[in-house]
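> Here it is: the structure, laid out below.
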Amino acid sequence: MTKDYAIPPEIDHYACMVDLYGRSNQLEKAVAFMEKMPVEPDSIILSAFLNACRANRNLELARMAENKLLELEGDNGGRYFQLASVYALGGKWDEMGRVMRMMRGKEVKKLAGCSWVQVGSGVHIFTSGARSHPEAEAIYCTLGFLIDELYDKASLDENGSLLI
943 MTKDYAIPPE IDHYACMVDL YGRSNQLEKA VAFMEKMPVE PDSIILSAFL NACRANRNLE
1003 LARMAENKLL ELEGDNGGRY FQLASVYALG GKWDEMGRVM RMMRGKEVKK LAGCSWVQVG
1063 SGVHIFTSGA RSHPEAEAIY CTLGFLIDEL YDKASLDENG SLLI
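Under our numbering, think of the first position of the sequence shown as 943, with each following residue one higher.
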């Protein structure tokens, strides 16, 4: 990249490469790439790698990423849920429970996700699971209709994931 385009790679470029290797089911290449990087993997890179481990159901490599990720972001509740979901997807309920107990033991909380939607000149904030919006009933009714439409037009893969 530096030679061809005179752009020195930054940490985000390395994260993209790890993500691309993961999405193409080349976890070993992702590991080799991370080992050769001139910088230590940060939480973004390790999170991308962990997502790749989850998608490829590679629990062995997920365990490798777990220690490094929690060392960097042991106070981030989202990381614990990310790890727990890897183990749950692999059917390793004892490992999932271990991660959740670790989270509770450290009194780490996961912040609720939220979205901002601009409609005209107004901005509406939606928090996961909240129904405080003045038009919540109509919004969730419409959302339910859209979800039904998706299920009618889509199919499920062998893992039960929705294919649109």
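We treat Cβ as the ideally placed atom computed from N, Cα and C, and that holds for glycine. A quick note: this is a predicted structure, and the numbers were derived from the prediction, not measured.
Whole angstroms is fine: what's the gap from E970's alpha carbon to G1019's?
28 Å
> Exposed or buried, what is I1067 when buried is set at 16 or more other beta-carbons lying within 10 Å of its beta-carbon?
exposed
> What is the rounded straight-line gap between the Cα of M1044 and the Cα of V1065?
37 Å
> Applying the 10 Å Cβ sphere with the 16-neighbour rule, what's the burial state of P983?
buried
> With C-beta atoms as the reference, is A997 less than 9 Å away from G964?
yes
> Can you tell me whether DSSP reads S1070 as helix, strand or coil?
coil
> For G1039, does the three-state DSSP call read helix, strand or coil?
helix
> Should L1085 and S1097 be called a contact, given that it needs their Cβ atoms to be closer than 9 Å?
no
> Can you round the beta-carbon distance between I986 and A957 to whole angstroms, since I take them to be within the 8 Å contact cut?
5 Å
> Name the two residues that bound the continuous beta strand (DSSP E) containing Q1060.
Note, Q1060: beta strand (DSSP E), C1056 to V1061.
> Considering only the alpha carbon of each residue, which of D954, F1023 and L1014 lies closest to M1038?
F1023
> Return the first residue and the last residue of the alpha helix (DSSP H) that D954 is part of.
I953 to R965
> Are L992 and L962 closer than 9 Å when you measure CB to CB?
no
> Rounded to whole angstroms, what is the Cα-Cα separation between Y1029 and K1048?
K1048 has its alpha-carbon roughly 20 Å from the corresponding atom of Y1029.
> By how many angstroms is the C-alpha of R1021 removed from the C-alpha of V1041?
10 Å
> Mind pulling the alpha helix (DSSP H) runs of 4 or more residues that sit fully within the segment 974 to 1051?
985 to 997, 1001 to 1015, 1019 to 1031 and 1035 to 1047
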